[in-house]
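Protein sequences, first through last, are from chains A and B. Heads up, the first sequence is in my numbering, so the first residue is 200 and it goes up one at a time. Heads up, the second sequence is in my numbering, so the first residue is 4 and it goes up one at a time. Written below as C-alpha cells is the structure these notes are about.
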Amino acid sequence: MNIFDIIGPVMIGPSSSHTAGAARIGYVARKILAKEPVRAEIDLAGSFAETYRGHGTDRAIIAGILGMKPDHEDLPRSLEIAREKGLQYRIETVRLPKCHPNTAVIRLWAEDGDMTEVEGASVGGGNILITRLNGLESAFTGQCNTLIIPHRDTYGVIAGVAQALAAFRINIGNFRLTRQAKGNTAIMTLEVDGDVSRELLMLLRALPNVLHVVYLHANE
Amino acid sequence: MLDYMNLCRMAQLARERSISLGALVLADQAEQMETTEEKILETMDRQLTVMEQSAEKGCSATIRSMSGLTGGDAWKMYERACRGVSICGDFCVNAITTALAVAECNAAMGRIVASPTAGSCGILPGAVLTMMRKKKIERKTAIMALICAGGIGMVIANKASLSGAAGGCQAECGSASAMAAAALVEMAGGTPQMALDAAAMALKNQMGLVCDPVAGLVEVPCIKRNAAGVMIAITAADMALAGIQSVIPVDEVIEAMRDVGEAMPCALRETAQGGIAATPTARELTRKIFEKGENK
C-alpha cells in the first residue's frame, strides 16, 4: 500500500467495486483477447446482477472491453461508443453457484473468430481477481506484472519460459499452471518482479509450443 | 521507514525533526516507492486537480445519478451560500456544498478521487478546497495536507479498515473525516499532535456509524453523510487548534473503531439489509429502481 491507494485511485464513480473493478475486468479480458473485439457477451452474477444499472457496471465493463481505464472520462458513454464502433454486445444476469458476490463472465470475439472467455470478481477497492480463463481455473489480480501463457501441455515448455525469464534477470514471484487434460492446452500464469521488455516478450512468443503470450503491466 | 501502525510514534518523529506530519509522510513515501518527493508532489497535485474538477461538475442544478435517486442538492446549497443567509456561516456552507458536489459527481458517474473510498470521496475535498478558497491557503500547502491525510488513512487501513463492507460507514466516512480533520489542522499551521487530536475527535464522533445504502447504491444516505462528515472534521480541527485534546489517543480510537466494526452485524455492513436501507420507503424505492431496470 502507498499514499495513492488512500488518496486515489482516480476513478469514474459511483463504486470502486461495482464500477472501477468492473472496468478492470473488461480491460483484462480485452488484453487477453489481444485483438479488437467485435462481439461481447457478458454474464453478471451476484450483487453485480442486482445493482448493475445503478452502479453503471454494464457501462464500466463495456468501457474496459473498449480499452478504457477506470478513470476514463468517456466511461459513462461506453454503450453508445460501442454502438458507434460496431461492437455488438449482450448483457445478461445469471446465477453462478459458489462464486464471489461480484462476478462477471466475459466472452469476446475478434473479427477473425478468435475467442476468449474470462471470469473475474471485483473484490473491493477497485481490485479484481481473475478466476477462470478460457474454461481453466485461474487466480491473478493484475496488481503485479503478470504473464499469461497458453501453451501445449508437453515437456520443456515451462523450463523454456523460466530460462528466458532468467536470461533477462526477471524473478518469478508466483507461478500457476492449469490444464484441461494431458497433452491438451494448458495455461501458465506468472507474476514477476521487474518489467518484461518487448525483446523478452518476442523471445517468449517464439518458444516452441507456446501458443500465445499476454503481458499485463501492474495496475494497468 | 515508517510502518504506518502507530500515529503517536509518527507525530513524535515529526516533532523531533521539526517537520509537519505531511513532510514526514512525503519523505517516507518517496523512499518506500523508490521515487523522488517531487514526483509524489506532482501526482498529488493531479489528484487535487481532479478534486477541483469533480467539485465543479457536481455543483449543478441538472446533475442526476444513474438511478435517478439523487442529484442537484449541492446546487441548492450553493444557492443558499450565495445568498449569505446560512446558519453555519460562509466557510461551513461552502465546505458542505463542495462535499455534496463531489459526492453527487460520483453518484452521476463523474470522475473522482477515492479518498479514501468512492462513497466518502466528498469529505476531504470539502475540507481542503474550502481552505484554499476561503482562507487563501496556497496550493502547495494543500498538497502537503493531502499527504498528511493519506498518512492518517494508511494507518487506519493497517490497524482497522477503510471499507464499509468490513467496518461500516465509520470506516469510510469516519476515516475520511479523521483524514480531513488532520489536513485542516496542518493547513491552519497546527502541530502534528493537534492533527492527531483532530483525527481522533472526528473518528470518535462517527464511531458506530453503519453502512446502509438504499438499494445497495452509493447515494442514500451516503451523499449527505459526506456533508456531515466534513462538518465533523471542521469541528474537530477547530477544537484541536484551540488546544482541546482527545482524552483517548488516536491509535486507541482507531483500534476501538476496528472492534466496533467487527461487532457490527452483517446487515449493517453494506448489504442493504438494515438501517436506512430496510425502511419501508427504502424498500419501495428499491423495488421501483429494480423494476425500471428490468423493463429497460
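We put the CB at the ideal spot given by N, CA and C, even for glycine. Quantities reported herein were computed from a predicted structural model and do not represent experimental measurements.
Q: Could you list which residues in chain B have their beta carbon closer than 7 Å to that of Met200(A), in chain order?
A: Here residue 200(A) refers to the residue found at position 1 of the first sequence. By Cβ distance, chain B contributes Met157 and Ala160.
Q: Can you pull the chain B residues whose beta carbon is under 8 Å from the beta carbon of Leu274(A), in chain order?
A: Residue mapping note: residue 274(A) aligns to position 75 of the first sequence, counting from 1. Those within 8 Å of Leu274(A) in chain B are Met112.
(Q) Using a Cβ-Cβ cutoff of less than 8 Å, which residues in the same chain neighbour Gly87(B) once the five nearest sequence positions on both sides are dropped? (A) For the purposes of this step, residue 87(B) is taken as residue 84 along the second sequence, with counting starting at 1. For Gly87(B), where only same-chain residues beyond five positions count, the Cβ hits under 8 Å are Asp93.
**Q.** Within chain A, the residues that Leu244(B) reaches when beta carbons sit closer than 9 Å
**A.** The sequence position of residue 244(B) within the second sequence is 241, counting from 1. Under the 9 Å cutoff, chain A gives no residues; its nearest Cβ is about 23 Å from Leu244(B).
Q. Assuming Thr172(A) and Asn326(A) make a contact with CB atoms under 8 Å, what is their CB distance in whole Å?
A. With chain A covering 200 to 419 only, the question about residue 172(A) has no answer from this structure.
Q | Lys227(B) versus Ala245(B), Cys269(B), Gly74(B) and Pro283(B), residue with shortest Cα-Cα distance | A | Position 224 of the second sequence holds residue 227(B). Selected option, being the one with the closest Cα: Gly74(B).
Q) According to DSSP, which residues form a beta bridge with Pro161(A)? A) Residue 161(A) lies beyond the stretch modelled for chain A, which goes from 200 to 419, so this question has no answer here.
Q: Quick one: give me the first and last residue of the alpha helix (DSSP H) that Ser57(B) is part of.
A: The residue you call residue 57(B) lines up with position 54 of the second sequence. Residues Glu40 to Gly61.
Q: Spell out the partners DSSP gives Ser321(A) in its beta bridges.
A: As a position in the first sequence, residue 321(A) is number 122, starting the count at 1. Answer is Ile327(A), bridged to Ser321(A).
Q: Measure the C-alpha to C-alpha separation of Asn298(B) and Val221(B) and round it to an integer number of angstroms.
A: Locating residue 298(B) in the second sequence gives position 295, where the first residue counts as 1. Locating residue 221(B) in the second sequence gives position 218, where the first residue counts as 1. Any reading at Asn298(B) must be qualified, since the residue scores a pLDDT of 46, below 50, and its modelled position is unreliable; no value is offered.
Q: Check whether the Cβ of Asp270(A) lies closer than 9 Å to any Cβ atom in chain B.
A: Mapped onto the first sequence, residue 270(A) falls at position 71. Interface flag for Asp270(A) against chain B is set, since a Cβ pair is found closer than 9 Å.
Q. Less than 9 Å separating the beta-carbons of Leu51(B) and Arg142(B)?
A. Counting from one through the second sequence, the residue named residue 51(B) turns up at place 48. Counting from one through the second sequence, the residue named residue 142(B) turns up at place 139. Their beta carbons are under 9 Å apart, which means Leu51(B) touches Arg142(B) by this criterion.
Q: Tell whether a beta-carbon distance below 9 Å holds between Val53(B) and Ile115(B).
A: Stepping through the second sequence from its first residue, residue 53(B) is reached at position 50. Stepping through the second sequence from its first residue, residue 115(B) is reached at position 112. For Val53(B) and Ile115(B), yes; Cβs fall inside 9 Å.
Q) Whose C-alpha, out of Pro208(A), Ile305(A), Ile231(A) and Gly285(A), is nearest the C-alpha of Leu243(A)? A) For this step, residue 243(A) is matched to residue 44 along the first sequence. When each option's Cα is compared against that of Leu243(A), the closest is Ile305(A).
Q: Report yes or no: is there a C-beta of chain B within less than 9 Å of the C-beta of Met210(A)?
A: Residue numbering aside, residue 210(A) sits at position 11 when the first sequence is read from its first letter. With its beta carbon less than 9 Å from one in chain B, Met210(A) belongs to the interface.
(Q) I want to verify the contact list: residues of chain A whose CB lies under 9 Å from the CB of Ser118(B), in sequence order. (A) Sequence index remark: in the second sequence, residue 118(B) carries index 115 (1-based). Correct list: Ile205, Ile206 and Gly207.
**Q.** Opening and closing residue of the alpha helix (DSSP H) in which Asn1(B) lies
**A.** The first residue shown for chain B is 4 and the last is 299, placing residue 1(B) beyond what the model contains.
Q) Given Ala205(B), which residues of its chain have a CB within under 6 Å of its CB, disregarding the five upstream and five downstream residues? A) Counting from one through the second sequence, the residue named residue 205(B) turns up at place 202. Once the five neighbours on either side are set aside, the close Cβ partners of Ala205(B) are Ser180, Ala181, Ala184, Ile235, Ala236 and Ala239.
Q.
Within a Cβ cutoff of 8 Å, which residues of the same chain sit near Val96(B), ignoring the five residues on either side of it in sequence?
A. For this step, residue 96(B) is matched to residue 93 along the second sequence. Answer for Val96(B): Met80, Arg83, Ala84 and Ser89, listed in chain order.
Q: Pull up the CB-CB distance for Ala329(A) and Val227(A), whole angstroms please, since I reckon it's below 8 Å.
A: If you number the first sequence from 1, residue 329(A) lands on position 130. If you number the first sequence from 1, residue 227(A) lands on position 28. Per the sequence presented here, residue 329(A) reads as Ile, with Ala not at that position. Confirmed, about 6 Å.
**Q.** DSSP-derived helix/strand/coil call for Val256(B)
**A.** What you label residue 256(B) is simply residue 253 of the second sequence in a count that begins at 1. When secondary structure is reduced to three states using DSSP, Val256(B) falls in the helix class.
(Q) Excluding the 5 residues flanking Gly220(A) on each side, which residues of the same chain have their C-beta closer than 6 Å to its C-beta? (A) One-based indexing of the first sequence puts residue 220(A) at position 21. Hits under 6 Å: Ser321, Gly325 and Ile327.
(Q) Can you find the residues in the same chain that come closer than 6 Å, C-beta to C-beta, to Ala202(B), ignoring five residues on each side of it along the sequence? (A) Reading the second sequence from its first residue, position 199 is the one you call residue 202(B). Correct list, in chain order: Ile155, Ala181, Ala184, Ala185 and Val253.
Q. How about Gly255(A) and Pro300(A): are their beta carbons less than 9 Å apart?
A. Along the first sequence, read from residue 1 onward, the residue named residue 255(A) stands at position 56. Along the first sequence, read from residue 1 onward, the residue named residue 300(A) stands at position 101. Against a cut-off of 9 Å, the Cβ pair of Pro300(A) and Gly255(A) comes out as no contact.
**Q.** CA nearest to the CA of Ile449(A), picked from Ala338(A), Arg351(A) and Ile357(A)
**A.** Shown here, chain A extends from 200 to 419; a query on residue 449(A) therefore has no answer.
(Q) Is it buried or exposed, Lys230(A), if we count other Cβ atoms within 10 angstroms and call 16 or more buried? (A) Your numbering for residue 230(A) matches position 31 in the first sequence. It counts as buried.
Q. Distance, Cα to Cα, Ala110(B) vs Thr218(A)?
A. Here residue 110(B) is taken as the residue at index 107 of the second sequence, counted from 1. Here residue 218(A) is taken as the residue at index 19 of the first sequence, counted from 1. Ala110(B) and Thr218(A) have their C-alpha atoms roughly 11 Å apart.
Q. Hey, which unbroken runs of the alpha helix (DSSP H) at 4 residues or more fall wholly within the segment 326-408 of chain A?
A. 356-366 and 397-405
Q: Look up Arg223(A) in the DSSP assignment and say whether it is helix, strand or coil.
A: By 1-based counting over the first sequence, the position of residue 223(A) is 24. Helix, per DSSP.
Q) At a Cβ cut of 8 Å, what residues of the segment 13-47 of chain B count as close to chain A, listed as they run along the chain? A) Val28, Gln32, Gln35, Met36, Ile43, Thr46 and Met47
Q.
Please report whether the beta-carbon of Thr252(A) lies at a distance below 9 Å from any beta-carbon of chain B.
A. As a first step, residue 252(A) is located in the first sequence; it is residue number 53 there, counting from the start. Per the sequence shown, residue 252(A) should be read as Arg rather than Thr. With 9 Å as the cut-off, Arg252(A) counts as an interface residue toward chain B.
Q: Return the first residue and the last residue of the beta strand (DSSP E) that Thr292(A) is part of.
A: What you label residue 292(A) is simply residue 93 of the first sequence in a count that begins at 1. That run of the beta strand (DSSP E) goes Gln287 to Thr292.
Q) Any beta-carbon of chain B closer than 9 Å to the one on Pro213(A)? A) The sequence position of residue 213(A) within the first sequence is 14, counting from 1. Pro213(A) counts as touching chain B.
(Q) Quick check on DSSP: helix, strand or coil for Asp242(A)? (A) The count along the first sequence starts at 1 and reaches residue 242(A) at position 43. Asp242(A): strand per DSSP, three-state reduction.
Q: Within the segment 114-181 of chain B, note down every full alpha helix (DSSP H) run reaching 4 residues or more, in order along the chain.
A: 126-137, 142-162 and 167-170
Q) Does DSSP classify Val217(B) as helix, strand or coil? A) What you label residue 217(B) is simply residue 214 of the second sequence in a count that begins at 1. It is helical.
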